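*Asks:*
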Amino acid sequence: MPPSPLNSNRITKILWTVGIMVTAGLIVALGIFVLVLRGFGDGSTSQPGGTTVYPGGSIPNTSQVPVTTGTQGTAGEEPTMVVSARNGGIITVRDFINAPSTMEDKNNPGNYFLAGGVPPTENSPPYDILYNGSDQSFTIGLSQEPIGEARLNAQQYLMQTLGIDETAMCLLTYWVGVSYAVNPLYSSKNLGFSFCPGATVL
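Position one of the sequence shown corresponds to residue 1 (the numbering used here), numbered consecutively onward.
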């Protein structure tokens, strides 16, 4: 028995509806695919001063990023390098290793004094800042009282040297400490940068 014209029209409408729905679904899926590839980028956020902070899990392989030498900037730009962040990301900073004020620690290759150093001089600041290239960490030693003032000066100097803001400073792998001879109460404790969560109030 041949299909009635009424049933034939109904089948045609159903096929058209299904075809339109499938086409619309493919267009939406293609749009989402393009957004994922282009729209979301690498998840990095730019901070003032040219700092780029990458969240963990969506960063370049840091073992393939040169960190011991700076990259040459274009005309008018400062050379930069990257250091690892505590959250598993990386932070773009000024190339402090090749700065005139940085001294390599001759006894420990890969370590650099950004401030202070050995032996201290009459004009040495009340802090030492050491960069350890192997784990990309910063050690800030407060060498005289008042240690609250010494910490403020040290963190300001480091922030200017690296060209980063307070948010990026808190993401650095770092230790701010004081020796027992300078202040027995706070020795052997990471005092933190004053503006970072969990810092010791001095």
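The beta-carbon is built from N, C-alpha and C at its ideal position, and this holds for glycine as well.
Note that the structure is a prediction, hence the values are computed from the model and not measured.
In the DSSP output, what is Tyr278 paired with across the bridge?
*Replies:* Nothing about residue 278 can be reported from this structure: the residues present for the chain run from 1 to 202 only.
*Asks:* Tell me the rounded alpha-carbon separation between Leu130 and Leu185.
*Replies:* Each residue's alpha carbon lies about 23 Å from the other.
*Asks:* State the start and end residues of the unbroken beta strand (DSSP E) segment that holds Thr92.
*Replies:* It spans Ile90 to Arg94 - the beta strand (DSSP E) in which Thr92 sits, taken as one unbroken run.
*Asks:* Got a sec? Which residues, its chain only, sit under 8 Å from Gly198 by beta carbon, not counting five neighbours each side?
*Replies:* If we look at Gly198 and ignore the five residues flanking it on each side, its Cβ neighbours are Gly192.
*Asks:* List the residues that DSSP assigns as beta-bridge partners of Gly177.
*Replies:* According to DSSP, Gly177 bridges with Gly141.
*Asks:* Cβ atoms of Leu114 and Ser134: under 9 Å apart, would you say?
*Replies:* Going by C-beta atoms, Ser134 is not nearer than 9 Å to Leu114.
*Asks:* Between Ile91 and Leu142, how many whole angstroms is the CB-CB distance? I'm expecting something under 8 Å.
*Replies:* That pair is no contact at about 23 Å.
*Asks:* Please report how far the alpha carbon of Thr139 lies from the alpha carbon of Glu78, in whole angstroms.
*Replies:* Cα-Cα distance, rounded: 24 Å.
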